[in-house]
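Protein sequences appear in the order of chains A and B.
Convert by adding 3 to the 1-based position in the first sequence; the result is the number in the working numbering.
Convert by adding 7 to the 1-based position in the second sequence; the result is the number in the working numbering.
Cβ coordinates follow ideal geometry from the N, Cα and C atoms, glycine included.
Here the structure is a predicted model, which means the values were calculated and not measured.
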Amino acid sequence: AVTYEPMRNYLDLVYIGIISIGTPPQEFRVVLDTGSSVLWVPSIYCSSPACAHHKAFNPLRSSTFLVSGRPVNVAYGSGEMSGFLAYDTVRIGDLTVVAQAFGLSLEEPGIFMEYAVFDGILGLGYPNLGLQGITPVFDNLWLQGLIPQNLFAFYLSSKDEKGSMLMLGGVDPSYYHGELHWVPVSKPSYWQLAVDSISMNGEVIACDGGCQGIMDTGTSLLTGPRSSIVNIQNLIGAKASGDGEYFLKCDTINTLPDIVFTIGSVTYPVPASAYIRKDRSHNCRSNFEEGMDDPSDPEMWVLGDVFLRLYFTVFDRANNRIGLAPAA
Amino acid sequence: CLVKIPLMKIKSMRENLRESQVLKDYLEKYPRSRAHVLLEQRRNP
Chain A
4 AVTYEPMRNY LDLVYIGIIS IGTPPQEFRV VLDTGSSVLW VPSIYCSSPA CAHHKAFNPL
64 RSSTFLVSGR PVNVAYGSGE MSGFLAYDTV RIGDLTVVAQ AFGLSLEEPG IFMEYAVFDG
124 ILGLGYPNLG LQGITPVFDN LWLQGLIPQN LFAFYLSSKD EKGSMLMLGG VDPSYYHGEL
184 HWVPVSKPSY WQLAVDSISM NGEVIACDGG CQGIMDTGTS LLTGPRSSIV NIQNLIGAKA
244 SGDGEYFLKC DTINTLPDIV FTIGSVTYPV PASAYIRKDR SHNCRSNFEE GMDDPSDPEM
304 WVLGDVFLRL YFTVFDRANN RIGLAPAA
Chain B
8 CLVKIPLMKI KSMRENLRES QVLKDYLEKY PRSRAHVLLE QRRNP
């Protein structure tokens, strides 16, 4: 049982939620990730140094634990985990999913996760993105009748440590302005949709003639094909550093124009204040990043947290569509 | 019946690596092509 998540890079992730597994519950901090479909956390049997830095699940302390023994390997853009499959009760908010399949890591090679603040990952992608024959957490929430609507939504706050929200089974309109614009999911695996174009000052600068985009809470930045990203970095005056990051002058935040994503004939501007990030040392970096080249789809963009902070997003499994509206 | 799960904004792994002055070493040792290599292995086992 191997799943590959070639576009995953958790280096810049900043949003986590708390779930618990087992009876009595054991708490974990997890990334709620629309770009993958597997739930996994470290186990007490994991011997990697990375596991020592995180909460580890102890099956011996759970009366509802069932082991499958099926091996699990998940490869990410920035590392991998290997372990085995198990079943137990998972609690997310007030909801309790019984007999939820999840991975328990035995090994987290390298220093992937060693510096991560989260313990594990909870995937919210389509089932076919995960392990064959395994029902992901969100599917079980629906199948076990725990939520009234087969959809979820993300509100990601840019300012506060608190305030960001995952909504399960419904949408609270106070988190967005105006109307939701719905776009069909073009390939139900990732939360993937068709992007019409990417433009600046009214001129198309990337995705000319259309491309595909993935709405991904598990990616922080805006990633795209190498040639397009290099073009955009040049247009905004960003210079490459030795470690793959692009720096620019901080005062350009006030002068650079919006970069506009057109999706379903609706424009979604991303201002310079969003596509440039300033760190605590007052260095400014571009939030555009080269994505993993996917030979099967060379024009693939990932619209990560940078985009999702600006636009409240509804992930509608019932109708295989994505709703977007300016975040409140 | 809507269930809201609060999310916390945390310091990123990149920031932690940078503050520990191991970011460059990390990126050299674990280039993002790692998953791509694994993907290729799956396609051409």
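Exercise for the section: Show which residues of chain B have a CB atom less than 8 Å away from the CB atom of D175/A. Expected result: The residue you call residue 175/A lines up with position 172 of the first sequence. Per Cβ cutoff of 8 Å: L9, K11.
Practice task
Could you have a look at T138/A and say whether DSSP puts it in helix, strand or coil?
Solution key: Counting from 1 along the first sequence, the entry for residue 138/A is found at position 135. Residue state, collapsed to three classes: coil.
Problem - Buried/exposed call for P52/A, threshold 16 Cβ in 10 Å - result: One-based indexing of the first sequence puts residue 52/A at position 49. Its Cβ having fewer than 16 others within 10 Å, P52/A is exposed.
Handout entry: Closer than 8 Å at the beta carbon, the chain B residues around D319/A
Key = To locate residue 319/A, count along the first sequence from 1; it is residue 316. Correct list: empty, because the minimum Cβ distance to chain B is about 14 Å.
Exercise for the section: Kindly say whether D97/A, judged by its beta-carbon, lies nearer than 8 Å to any beta-carbon of chain C. Expected result: Going by chain labels, chain C is absent from the structure shown, which instead holds the protein chains A and B.
Exercise for the section: From the DSSP output, read off the bridge partner residues of E35/B. Expected result: To locate residue 35/B, count along the second sequence from 1; it is residue 28. Answer is none; E35/B lacks a bridge partner.
Problem - Own chain residues within Cβ distance below 7 Å of V269/A, not counting five before or after - result: On the first sequence, position 266 is the one that residue 269/A refers to. Excluding positions up to five away in sequence, the list reads H184.
Handout entry: Local Cβ density within 10 Å of R64/A, reported as buried at 16 or more and exposed below that
Key = Locating residue 64/A in the first sequence gives position 61, counting from the first residue. When all chains shown are included, R64/A counts as exposed.
Exercise for the section: Could you check which residue in A156/A, S85/A, L69/A, F68/A has the C-alpha nearest to that of N76/A? Expected result: As a first step, residue 76/A must be located in the first sequence, where it is residue number 73. The shortest Cα separation from N76/A among A156/A, S85/A, L69/A, F68/A belongs to S85/A.
Practice task
Would you mind reading off the limits of the alpha helix (DSSP H) that contains V309/A?
Solution key: Indexing the first sequence from 1 puts residue 309/A at position 306. V309/A -> alpha helix (DSSP H) spans 308–311.
Practice task
Classify L35/A as helix, strand or coil using the three-state DSSP reduction.
Solution key: Here the question's residue 35/A lines up with position 32 in the first sequence. Strand, per DSSP.
Handout entry: Reduced DSSP secondary structure (H/G/I, E/B, other) of M203/A
Key = On the first sequence, residue 203/A is found 200 positions in, with the first residue counted as 1. Strand.
Practice task
Count the other CB atoms, across all protein chains shown, that sit within 10 Å of the CB of L26/B; report buried if there are 16 or more and exposed otherwise.
Solution key: As a first step, residue 26/B is located in the second sequence; it is residue number 19 there, counting from the start. At residue 26/B the sequence reads Glu, which differs from the Leu that was named. With fewer than 16 Cβ atoms within 10 Å of its Cβ, E26/B is classed as exposed.
Exercise for the section: Answer yes if the segment 287–296 of chain A comes into contact with the segment 226–233 of chain A, meaning at least three C-beta pairs across the two stretches below 8 Å, and no otherwise. Expected result: yes
Exercise for the section: Kindly indicate if chain B contains any beta-carbon less than 8 Å away from that of D15/A. Expected result: In the first sequence, the residue the question calls residue 15/A occupies position 12. By this cut-off, D15/A is an interface position.
Handout entry: Proximity below 8 Å, CB of V198/A to CB of F264/A
Key = Position 195 of the first sequence, counted from the start, is the residue given in the question as residue 198/A. Position 261 of the first sequence, counted from the start, is the residue given in the question as residue 264/A. Yes, they are a contact pair.
Problem - C-alpha gap between L24/B and N131/A, whole angstroms - result: In the second sequence, counting from the first residue as 1, residue 24/B sits at position 17. In the first sequence, counting from the first residue as 1, residue 131/A sits at position 128. Approximately 33 Å, taken between the alpha carbons.
Problem - Three-pair Cβ contact test at 8 Å for the segment 186–203 of chain A versus the segment 312–324 of chain A - result: yes
Exercise for the section: For K165/A, return the contacting residues in chain B, with the cut-off set at a CB-CB distance below 9 Å. Expected result: Here residue 165/A is taken as the residue at index 162 of the first sequence, counted from 1. Going along chain B in sequence order, the residues near K165/A (Cβ under 9 Å) are P13, L14, M15, K16.
Exercise for the section: Answer yes or no: does any C-beta atom of chain A fall closer than 8 Å to that of A42/B? Expected result: Residue numbering aside, residue 42/B sits at position 35 when the second sequence is read from its first letter. At A42/B, the pLDDT of 47 sits below 50, so the modelled position is not reliable and the matter cannot be decided from this model.
Problem - Assumed close pair V10/B, L98/A - CB separation to whole angstroms, cut-off 8 Å - result: By one-based count along the second sequence, residue 10/B stands at place 3. By one-based count along the first sequence, residue 98/A stands at place 95. With a Cβ gap of about 6 Å, V10/B and L98/A count as contacting.
Exercise for the section: Excluding the 5 residues preceding and the 5 following I22/A in the sequence, name in chain order all residues of the same chain whose CB lies nearer than 7 Å to its CB. Expected result: Here the question's residue 22/A lines up with position 19 in the first sequence. F31, V33, V93, R94, I95, L125.
Practice task
Could you list which residues in chain B have their beta carbon closer than 8 Å to that of P1/A, in chain order?
Solution key: Lying outside 4 to 331, the shown extent of chain A, residue 1/A is not represented and no answer is given.
Exercise for the section: Please report how far the alpha carbon of D91/A lies from the alpha carbon of I24/A, in whole angstroms. Expected result: Along the first sequence, read from residue 1 onward, the residue named residue 91/A stands at position 88. Along the first sequence, read from residue 1 onward, the residue named residue 24/A stands at position 21. Going by the C-alpha atoms only, they are around 7 Å apart.
Exercise for the section: For the segment 213–230 of chain A and the segment 299–313 of chain A, state whether three or more C-beta atom pairs, one from each stretch, are separated by less than 8 Å. Expected result: yes
Exercise for the section: Please report the residue range of the beta strand (DSSP E) in which C214/A lies. Expected result: Here residue 214/A refers to the residue found at position 211 when the first sequence is read from its first residue. Where C214/A is concerned, the enclosing beta strand (DSSP E) stretches over 214–218.
Practice task
Please confirm whether K18/B and S160/A have their CB atoms less than 8 Å apart.
Solution key: Taking the second sequence and counting its residues from 1, one reaches residue 18/B at position 11. Taking the first sequence and counting its residues from 1, one reaches residue 160/A at position 157. No, the Cβ-Cβ distance between K18/B and S160/A is not below 8 Å.
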